[in-house]
Each structure stands twice: as structure tokens, then as C-alpha cells.
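Written below as C-alpha cells is the structure these notes are about.
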């Protein structure tokens, strides 16, 4: 059985993005067109589908980490803040973006809360990711010969 560990992350996230665009629970909020994704960023994202890409990436990170909290997800999407002549300092990403994305994934039924563990995938979310990974593997078998063993 093919899992999210067996395929390249970028290809899996692209496939999940396309699937999440068809979900009616996962829609970009009205403020997502002009918001920065963290204090380390100067401008909002240029990609029009960045919200679905972020949701797909969050879904994959929850799968890989087997449960992760909002604070750790914020740190995953953080960066280094330019402080002028002072040295750069690590800062976390936008909490509002992560929180709203996870809430939408909970409404869709892919993620649930587990006390003391953070957010984990539901069986529906796990099968959603595994099916997407299988489709990616099927399409990439010619480009990556090492995937044939799966």
C-alpha cells in the first residue's frame, strides 16, 4: 500500500491541492487575498491557490508527524525576520492562517483534536492522503524507477 512517505512531497501536495479545490468546506477566507503569511514576509503570496496549497501541506504535516499542535505548525511555516542592522531572528508564521486552515480541515472531516497530542488525522483523512499518494505514484512511476517496489 502506498503512503505519503513513499512519494515526493511536492507532487503529493500538488495532487492534494487539486483535490481540496473541489471540497466545499475548504474555501479561502475573504481576508486571504491580502494577508501576509508571517512577520518574516513582506508581501502576500502571489499564487491564487495558495490557501488550498497551505491546507494540503498542513494535512501532509499532520500525517507525517502523527499529530501536531497549532504552535508547532506555526513554527513550521515561520522564517527569519529581517531586523535591519541587527541579526536575523527566527519568528513563527501566521497563527490565523494555520488556525483557520485546520478548522476548515476539521469541518471537512479530515482532522480531529486529540487532547495532549494536538491535531491528528481521522480515518477519512488518512485514506484521503493514501489515495492521493497512490495516484501520484501511478503517474510518476516512469520518472522515478525506485517507486516500482511500492
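Residue numbers (the working numbering): 951 to 1100.
C-beta atoms are modelled at their ideal positions from N, C-alpha and C, and glycine is treated no differently.
CB-CB length for residue i against residue j, believed under 8 Å
| i | j | result |
| --- | --- | --- |
| residue 1027 | residue 1071 | Going by Cβ atoms, the distance from residue 1027 to residue 1071 rounds to 19 Å, so no, they are not a contact pair. |
| residue 1005 | residue 985 | The pair is not a contact, with the Cβ atoms about 15 Å apart (cut-off 8 Å). |
| residue 1086 | residue 965 | 5 Å |
Contact under 9 Å by Cβ, residue i with residue j
| i | j | result |
| --- | --- | --- |
| residue 957 | residue 1040 | no |
| residue 1045 | residue 1029 | no |
| residue 1017 | residue 1069 | yes |
| residue 1023 | residue 1078 | no |
| residue 967 | residue 999 | yes |
| residue 951 | residue 1032 | no |
For residue i, the first and last residue of its enclosing alpha helix (DSSP H)
| i | result |
| --- | --- |
| residue 1088 | 1073-1090 |
| residue 969 | 959-970 |
| residue 1010 | 1000-1015 |
| residue 1046 | 1045-1058 |
| residue 1025 | 1020-1026 |
Rounded straight-line distance, which links the Cα of residue j to that of residue i
| i | j | result |
| --- | --- | --- |
| residue 1036 | residue 1092 | 49 Å |
| residue 953 | residue 1034 | 44 Å |
| residue 1001 | residue 1095 | 32 Å |
| residue 990 | residue 1052 | 21 Å |
| residue 1038 | residue 978 | 31 Å |
| residue 1064 | residue 973 | 24 Å |
| residue 992 | residue 980 | 20 Å |
| residue 1025 | residue 1076 | 23 Å |
| residue 1057 | residue 1066 | 21 Å |
| residue 994 | residue 1055 | 22 Å |
Extent of the continuous beta strand (DSSP E) to which residue i belongs
| i | result |
| --- | --- |
| residue 1062 | 1061-1064 |
| residue 1041 | 1039-1041 |
| residue 1031 | 1029-1031 |
Cut-off 8 Å between Cβ atoms - residues of its own chain near residue i, not counting five sequence neighbours on either side
| i | result |
| --- | --- |
| residue 1090 | 957, 958, 961, 1097 |
| residue 971 | 999, 1002 |
| residue 963 | 1003, 1006, 1007, 1010 |
| residue 997 | 1003 |
Residues near residue i in its chain [Cβ-Cβ closer than 6 Å; skip 5 each side]
| i | result |
| --- | --- |
| residue 1019 | 1068 |
| residue 982 | 1001 |
Close-in-space but distant-in-sequence residues of the same chain around residue i (CB under 7 Å, 5 per side omitted)
| i | result |
| --- | --- |
| residue 1074 | 1059, 1060 |
| residue 969 | 1082 |
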